[in-house]
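What follows is a short report on a single structure.
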Amino acid sequence: MTDMTSTKDLAPDHWSRLNITLHWLIVVLISVQYFIGEWMVDFFDGGLDGKALDGSTVVFGYLHIVIGVSILIAALLRLWDRFTHGRPEHCKNEPNWAIKLAKLTHTALYFFLLTMPIVGLTAWLLGNEWLGDQHVLASSILLGIIALHIAGALTNHFWFKTDVLRNMLPGQGRARGKR
Ligand code: HEM
Ligand code: HEM
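13 is the number of the first residue of the sequence shown in our numbering; add one for each residue after it.
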């Protein structure tokens, strides 16, 4: 009998199209978040201090919120897809330590993708400076994890010579329902 809760039993050859699309959409959205982050700091701190805010601060401030919530939804959708339709097994050419590190990195990425928007939103709604500081701190840690993740993807491609990176590129996904 197949255990539907185990992703290993579901292991398809390829990522789903939905998962690949969301992966790259999140990459774009996260990049925008870092680009407009300074405006959000002004929006938040200026709001707390009761300062008059200029137009771009308000627009980019709200944009930061909308994009952040979109990232949360996209990450939840990815997790749903991963647990219902599975993910490809880790490549056999990859050494064990690298697979373990990849799993740890992926868990950390999901953790930050889910908690950052929640902490940011709570900081903003409550006007809580301490939570705002944790959000800023988390944004630096996330950058480090993303750097490690990119290094891992490139190491797989150029050093271990696996298909890991190729499998995540647009156009490599399987149609929904097919395995
Ligand atoms: C994964 C999603 C998010 C990422 C990657 C992210 C990233 C960032 C970055 C890079 C900064 C600027 C840090 C700096 O320049 O020092 C920032 C500031 C901020 N973000 Fe987000 N953010 C996300 C989601 C959200 C959401 C949904 C909200 C909801 C309101 C939010 C609220 C804030 C606030 C209030 C600040 C200013 C904090 C302060 O000045 O103490 N963020 N965020
Ligand atoms: C904002 C930046 C990024 C975030 C948040 C992110 C997030 C993630 C997450 C959470 C996974 C794990 C999927 C899972 O096991 O369910 C993943 C997989 C992957 N990502 Fe990224 N990623 C980012 C940038 C990149 C970049 C720039 C590359 C290419 C250089 C890349 C290449 C890959 C590859 C190849 C996989 C598949 C790994 C495997 O099969 O084990 N990612 N990404």
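Every residue, glycine too, gets a C-beta built ideally from N, C-alpha and C.
With respect to 7 angstroms, is the separation between the Cβ of residue i and the closest non-hydrogen atom of ligand 2 below this value?
i    : result
I158 : yes
R99  : yes
A114 : yes
H26  : no
A165 : yes
R29  : no
V81  : no
Does the Cβ-Cβ distance between residue i and residue j come in under 8 angstroms?
i    : j    : result
L125 : I79  : no
H26  : N168 : no
H76  : L121 : no
A150 : L143 : no
S28  : G183 : no
T174 : N108 : no
L65  : F55  : yes
L34  : R90  : yes
G132 : A23  : no
Following a CB-centred definition, is residue i positioned closer than 7 angstroms to any heavy atom of ligand 1?
i    : result
I162 : no
V53  : yes
G139 : no
M180 : no
D145 : yes
W136 : yes
On a Cα-Cα basis, can you pick out the residue from the options that is closest to residue i?
i   : options            : result
I32 : F55, D93, V53, V70 : D93
A87 : T127, K115, L65    : T127
V81 : V71, H102, I130    : I130
In the DSSP assignment, find the alpha helix (DSSP H) that holds residue i and state where it starts and stops.
i    : result
H147 : 141-170
Q45  : 29-61
A4   : No statement about residue 4 is possible, as the shown extent of the chain runs from 13 to 191 and does not include it.
For residue i, decide whether its Cβ has a neighbour in chain B, counting only Cβ atoms nearer than 8 angstroms.
i    : result
I130 : Among the protein chains of the structure shown there is no chain B, as only one such chain exists.
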